[in-house]
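See below for the structure under consideration.
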Amino acid sequence: MPDGESFPRRTSSPTEAMATTSAIFLLALTGLLMCLAAGEECSTEHASACYNSLVHYEGLGFPLYGETEQELDETCGHINHYFECAEKFIVCRNHTNCDKECEEMIDDIEIFVAQTQLRELQSDLCDVLSPMRQSYLENYLCLEDLADEYTACHNDSQKSQEYMAHITDSKESLLAKCCFFSWYQDCFTNITRDSCSVNATVFVSVSLHKLIGRTADVICHDTPVVCSSPPSEKDGKVVATTQETSTEDHSSASHLLISFLLVLLSISVHFSLQ
50 MPDGESFPRR TSSPTEAMAT TSAIFLLALT GLLMCLAAGE ECSTEHASAC YNSLVHYEGL
110 GFPLYGETEQ ELDETCGHIN HYFECAEKFI VCRNHTNCDK ECEEMIDDIE IFVAQTQLRE
170 LQSDLCDVLS PMRQSYLENY LCLEDLADEY TACHNDSQKS QEYMAHITDS KESLLAKCCF
230 FSWYQDCFTN ITRDSCSVNA TVFVSVSLHK LIGRTADVIC HDTPVVCSSP PSEKDGKVVA
290 TTQETSTEDH SSASHLLISF LLVLLSISVH FSLQ
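See the structure below:
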């Protein structure tokens with residue numbers, strides 16, 4: 050090539066230029082969406098909404114999760130979404146914008162995810178072949194009629210938990226927790242037994258055992274106390290019933306579990322004969 054000359058500069062065609070611009074735009078848009086998604090997942094407000102929804106389904110939402118197959122499936126989808134949302138927020142602990150409030154929220158969610166048994170109840174209610182799901186749907190209308198009575202249980206539960214939060218003595222705190230677990234299960238079970246079928250009562254009893262049974266067994270293994278009312282302040286002590294009542298109530302609970310097993314057996318036989 051003669052001195053002073055250079056290679057001719059290649060110019061992009063309009064089509065190539067447009068393709069390059071589009072690629073850059075898509076990369077930028079993808080990055081922006083990823084940042085927005087990460088920002089939402091690490092948003093304390095967003096995580097708090099998910100966490101509070103899970104607490105609602107475990108507490109105030111019980112035992113009414115939808116009247117029809119479709120409504121129940123929608124509830125199952127919501128619970129899955131809120132669990133995913135809460136679990137994604139946990140990894141935000143090392144995020145640069147995770148302040149003290151963020152860390153405290155992560156602590157609360159980690160404890161909830163580790164201790165909750167909502168997943169166990171969900172697995173039965175969301176399985177279309179589950180006998181518990183069928184029993185729930187068959188008895189929903191009767192359960193719904195008791196919504197006000199169930200709400201009263203929830204309200205008393207809230208007041209009792211607020212009282213227990215201020216108990217400083219370890220022995221009294223343990224007694225209060227065990228008293229609470231006993232009363233809480235009986236409150237819902239007895240209301241259902243008085244107005245609905247045996248199957249409905251068994252559903253409520255077994256569901257409650259799935260929700261709080263494991264925690265109650267671990268905490269109260271050596272403290273078998275049964276209460277007819279929730280822990281409350283009266284003369285500075287927790288109000289509890291006698292051990293004799295405990296024996297009667299345990300017999301009743303055993304009867305319910307036996308009835309439930311018989312229901313499962315009859316349903317299994319029915320399906321096997323089809």
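Residue numbering for the sequence shown follows our numbering, starting at 50 and increasing by one per position.
A virtual CB, placed ideally from N, CA and C, is assigned to each residue, including glycine.
Minimum C-alpha distance to residue i - residue among the options
{"i": "Arg168", "options": "Asp271, Lys137, Pro279 and Lys259", "result": "Lys259"}
{"i": "Glu120", "options": "Glu221, Ile158, Thr93 and Tyr185", "result": "Tyr185"}
{"i": "Glu94", "options": "Ala135, His127 and Glu123", "result": "Ala135"}
{"i": "Met181", "options": "Asp218, Glu123, Leu109 and Ser254", "result": "Ser254"}
{"i": "Lys220", "options": "Ile268, Glu150 and Phe111", "result": "Ile268"}
{"i": "Glu26", "options": "Gly126, Tyr100, Val104 and Thr117", "result": "In the structure as shown, the chain begins at 50 and stops at 323. Residue 26 is therefore absent and cannot be evaluated."}
{"i": "Thr124", "options": "Phe138, His105 and Lys137", "result": "His105"}
{"i": "Leu223", "options": "Ile261, Arg242, Pro112 and His270", "result": "His270"}
{"i": "Asp266", "options": "Asn239, Val247, His203 and Ser231", "result": "Ser231"}
{"i": "Leu113", "options": "Lys149, Gln207 and Leu190", "result": "Leu190"}
{"i": "Asp156", "options": "Asp205, Asp197, Tyr100 and Cys175", "result": "Tyr100"}
With 16 other Cβ atoms within 10 Å as the buried cut-off, status of residue i
{"i": "Ser172", "result": "exposed"}
{"i": "Asp235", "result": "buried"}
{"i": "Val140", "result": "exposed"}
{"i": "Asn188", "result": "buried"}
{"i": "Thr250", "result": "buried"}
{"i": "Leu103", "result": "buried"}
{"i": "Ala98", "result": "exposed"}
{"i": "Thr272", "result": "exposed"}
Under 9 Å between C-beta atoms of residue i and residue j
{"i": "Phe229", "j": "Cys276", "result": "yes"}
{"i": "His144", "j": "Cys91", "result": "yes"}
{"i": "Ser256", "j": "Leu195", "result": "no"}
{"i": "Val162", "j": "Phe132", "result": "yes"}
{"i": "Ala96", "j": "Ile158", "result": "yes"}
{"i": "Tyr212", "j": "Ser281", "result": "yes"}
Inter-residue Cα distance where the pair is residue i and residue j
{"i": "Gly115", "j": "Ser209", "result": "28 Å"}
{"i": "Thr200", "j": "Thr165", "result": "21 Å"}
{"i": "Ser179", "j": "Thr217", "result": "43 Å"}
{"i": "Gly110", "j": "Glu153", "result": "25 Å"}
{"i": "His127", "j": "His215", "result": "34 Å"}
{"i": "His324", "j": "Asn239", "result": "The requested residue 324 does not occur in the structure, where the chain is confined to residues 50 to 323."}
{"i": "Ser246", "j": "Phe252", "result": "10 Å"}
{"i": "Ile261", "j": "Tyr233", "result": "10 Å"}
{"i": "Cys175", "j": "Asp122", "result": "7 Å"}
{"i": "Cys37", "j": "Glu107", "result": "In the structure displayed, the chain extends from 50 to 323; residue 37 sits before or after that span and is not available."}
{"i": "Ala225", "j": "Lys137", "result": "34 Å"}
{"i": "Thr264", "j": "Val274", "result": "15 Å"}
{"i": "Arg242", "j": "Ser206", "result": "20 Å"}
{"i": "Leu170", "j": "Asn129", "result": "12 Å"}
{"i": "Glu150", "j": "Asp197", "result": "35 Å"}
{"i": "Gln183", "j": "Asn248", "result": "10 Å"}
Residue i at chain C interface by Cβ criterion, 9 Å
{"i": "Ser172", "result": "Protein chains in the displayed structure number just one, and chain C is not present."}
Just to confirm the assignment: which complete alpha helix (DSSP H) runs, minimum length 4, are found wholly within the segment 107-157? 118-139
What residue ranges within the segment 164-216 form continuous alpha helix (DSSP H) runs of no fewer than 4 residues, ordered along the chain? 167-174, 180-187, 189-194 and 196-213
Taking only runs of the alpha helix (DSSP H) that begin and end inside the segment 213-246, which ones reach a length of at least 4 residues, in chain order? DSSP runs (the alpha helix (DSSP H)) wholly in the segment 213-246: 219-244.
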